[in-house]
Amino acid sequence: MRPGAYPGRHGHAESALGAGHAASRHGVPGAPAVQRARYRVLQHLPIGTRGRRVSIGVLTVDFYVSGCRSLKEKRQRLNGIRERYGRAHNVAVCESDHQDLLQRAQWTFVAAAASRDVVDRALTDIERNLQGSVDAELVDVRREWLD
């Protein structure tokens, strides 16, 4: 399968995101950012683990970015999140909401592993590191499990 291709695009009954989602060439229209991030994590799992049960954890963090006068300034202050965590193995990162608000931001981290403990440790490390490394105040932190 070519990079970026979604299983199920060419008439297969099952899609990687489950039944009911119509995939297109440029992504999954209408699917929430969490589902797109979940798919990005799952497509990079080793082939031998695809048939096994995988624990998937979602960490959603809301930020208050004080003193921003433009969206460009907000993105510059928060862009380190994508740089730092976007390259981590089995972790997908996306800015999931409040893209057009100057002083609010929401980022979602999705981690996958064969063990729930490994995912929990990864998300706990991300949460702990965010508190000291981001030029913004953490307003809300939510964690959910998709397994």
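With positions in the sequence shown counted from 1, the corresponding number in our numbering is that position plus 928.
We treat Cβ as the ideally placed atom computed from N, Cα and C, and that holds for glycine.
Please read all numbers here as calculations on a predicted model, not as lab measurements.
Simplified DSSP state of residue i, which is helix, strand or coil
{"i": "Lys1033", "result": "Sequence inspection shows Ala at residue 1033; the Lys mentioned does not correspond to that position. In the structure shown, Ala1033 sits in a strand (DSSP, three-state: E or B)."}
{"i": "Ala1056", "result": "One point to set straight first is that residue 1056 is Arg, not Ala, in the sequence displayed. The answer is helix: DSSP assigns Arg1056 an H, G or I state."}
{"i": "Ala1064", "result": "coil"}
{"i": "Gly997", "result": "Sequence inspection shows Arg at residue 997; the Gly mentioned does not correspond to that position. Correct three-state label for Arg997: coil."}
{"i": "Asp1025", "result": "strand"}
{"i": "Arg1003", "result": "helix"}
{"i": "Leu1051", "result": "helix"}
{"i": "Val982", "result": "coil"}
{"i": "Arg953", "result": "The pLDDT assigned to Arg953 is 42, lower than 50, so where the model puts this residue is not dependable, and the model offers no usable value."}
{"i": "Arg1071", "result": "strand"}
Rounded straight-line distance, which links the Cα of residue j to that of residue i
{"i": "Arg1032", "j": "Asp1063", "result": "12 Å"}
{"i": "Val1019", "j": "Leu999", "result": "26 Å"}
{"i": "Val1047", "j": "Ser1024", "result": "20 Å"}
{"i": "Leu1066", "j": "Glu1055", "result": "10 Å"}
{"i": "Cys1022", "j": "Arg981", "result": "24 Å"}
{"i": "Val993", "j": "Lys1002", "result": "7 Å"}
{"i": "Arg1015", "j": "Val1069", "result": "21 Å"}
{"i": "Arg1010", "j": "Val1038", "result": "13 Å"}
Candidates the options, of which the one nearest residue i by Cα
{"i": "Ala1041", "options": "Ala1050, Gln1034, Leu999", "result": "Ala1050"}
{"i": "Leu1030", "options": "Cys1022, Glu1011, Gly995", "result": "Gly995"}
{"i": "Asp1028", "options": "Arg997, Arg981, Val1069", "result": "Arg997"}
Distance between beta carbons of residue j and residue i, contact taken as under 8 Å
{"i": "Gln963", "j": "Asp990", "result": "Not quite, the Cβ-Cβ distance comes to about 19 Å (not below 8 Å), so this is no contact."}
{"i": "Arg1071", "j": "Val986", "result": "7 Å"}
{"i": "Thr988", "j": "Thr1052", "result": "With a Cβ gap of about 14 Å, Thr988 and Thr1052 do not count as contacting."}
CB contact flag (residue i, residue j, <9 Å)
{"i": "Arg1005", "j": "Ser1061", "result": "no"}
{"i": "Ile984", "j": "Leu1074", "result": "yes"}
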